[in-house]
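This report concerns only the one structure given below.
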Amino acid sequence: MIRVELDAGGVAGIRFVVSPLKAAQEVAFKFGRYPYLLPQAWRHRAAAALAEPGLPLLNALVAQAATGYFPDFVNPVPVCFEEDVDDQLHRVATTPADRIGYEAAIIFEGHPWCLNGNVSRAPVMARAAQSGESRLAQSLAEELKVFWTRALAAQWPRIREQIHADIALRGAQTARDGLATMVTGLAPSLRWRGGGLDLAVTADGGETRADGLLLTPALFRGTVTFAIDPPDAVHPRLPMITYPIADTAPAKAHTRPPRLGATRAQLLQELTAPASTTELAKRLNLSPGTVSYHLQALHRDGMIQRARQAQRVLYQRII
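Residue numbers (my numbering): 3 to 321.
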């Protein structure tokens, strides 16, 4: 188990973030470690992107992901709610040399919190490390840009909307049920206890203190991933937890209450992902008034949740 202790200031520093490079890192990491968690289309995108010429370092890191570690500096800590991918790539390229050296040591010697030997033996990584920390960072930034462009750029507007909607729903839950309930409900392996967060992981584990905590939804359902520095880390980062985005699996017919009519059943099928009244009316060829009436009934019954995003109210199934 890993525990992150937070004082009052640290609790006040808990926030959600939207990170394009975190999304890229997630696709690359899961392709290397949990390929079965990626839909087939995403496996094909990742494979095609990694087959592009000139990505030796990224391919080596993806191969190493099977051991459970992926360098944290390729996913810079967002300084605001949402950052542009080019700004993030610049920050990767200009990562402090001593932080690169610290993470390079983990790549070649293993992470202190990892049970199995997450050690890279790829000659390309050794040669890159010998060329110097700054060059290693710049090379990885260049390769990440290619991977982003090839695998994620075209999909990002849709992904971004889903991430925003998920965060809005979590915010609404926090307002309704409190921070501890919201955080604990993000995944079975997360538990808010006392003044901190417990993360159940298959690692030796440890404890650290932090001035805040970053939360971001994963693109795909599956395990929680995390970037948490041990207490002696160089240039320590705020911990980042990537939790499974809200379940979008279609509801089974037998799970619906018997009194659920055809229209509401259709709405539930459509609400596997967040949608507005107007969008639902167009999909089902119904009037907005009719859709609104049934949405209100489903909301009263606790079967859907809603959250405002800019000028729209989005609904999503929670059963």
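Yeah, the Cβ is synthetic: ideal placement off N, Cα and C, and Gly gets one too.
Close beta carbons around residue i, own chain, < 7 Å, minus the five adjacent residues each side
i	result
residue 11	213
residue 308	301, 315, 316, 317
residue 87	22, 23, 150
residue 193	186, 200
residue 281	none
residue 33	40, 45, 48, 64
Host alpha helix (DSSP H) of residue i (start-end)
i	result
residue 269	264 to 272
residue 34	22 to 35
residue 239	Taken as a continuous stretch (DSSP letters only), residue 239 belongs to no alpha helix (DSSP H), as it is neither H nor E.
residue 158	158 to 179
residue 296	290 to 302
residue 133	From DSSP, residue 133 is part of no alpha helix (DSSP H); its letter is neither H nor E.
Residue i - partner residues in DSSP beta bridges
i	result
residue 318	307
residue 244	218, 227
residue 277	317
Own chain residues within Cβ distance below 8 Å of residue i, not counting five before or after
i	result
residue 310	170, 316
residue 1	Any question about residue 1 goes unanswered here, given that the chain covers just 3 to 321.
residue 175	183, 184, 187, 307
residue 167	275, 276, 309, 311, 316, 318
residue 294	279
residue 240	15, 79, 212, 213, 214, 215, 216
residue 3	200, 201, 202, 203, 207
residue 191	201, 202, 203, 225, 226
residue 283	289, 290, 292, 293
residue 299	266
Segment limits, beta strand (DSSP E) that includes residue i
i	result
residue 211	208 to 212
residue 222	Run containing residue 222: none; DSSP gives neither H nor E here.
residue 194	192 to 195
residue 71	Element bounds for residue 71: n/a, residue is neither H nor E.
residue 198	198 to 201
residue 39	Premise fails: residue 39 is in no beta strand (DSSP E) and is neither H nor E.
residue 6	4 to 8
residue 17	16 to 18
Beta-carbon contacts of residue i that lie in its chain and below 6 Å, excluding the five residues immediately before and after
i	result
residue 15	213, 214
residue 84	20
residue 143	91, 94, 95
residue 35	67, 68
residue 106	131
residue 229	74, 242
residue 145	57, 59, 60
ask   = If we count Cβ pairs, one from each stretch, closer than 8 Å, do we get three or more for the stretch 6 to 25 versus the stretch 142 to 159?
value = yes
Stretch-stretch touch, CB-based, cutoff 8 Å, three pairs: the stretch 35 to 42 with the stretch 55 to 63 = no
ask   = When the Cβ atoms of the stretch 99 to 107 are set against those of the stretch 133 to 146, are three or more pairs found closer than 8 Å?
value = yes
query = Pairing CB atoms from the stretch 180 to 188 with CB atoms from the stretch 67 to 77, are three or more of them under 8 Å?
reply = no
inquiry  = What ranges does the alpha helix (DSSP H) occupy inside the stretch 44 to 101, keeping only unbroken runs of at least 4 residues that lie completely in it?
reply    = 58 to 66, 87 to 95
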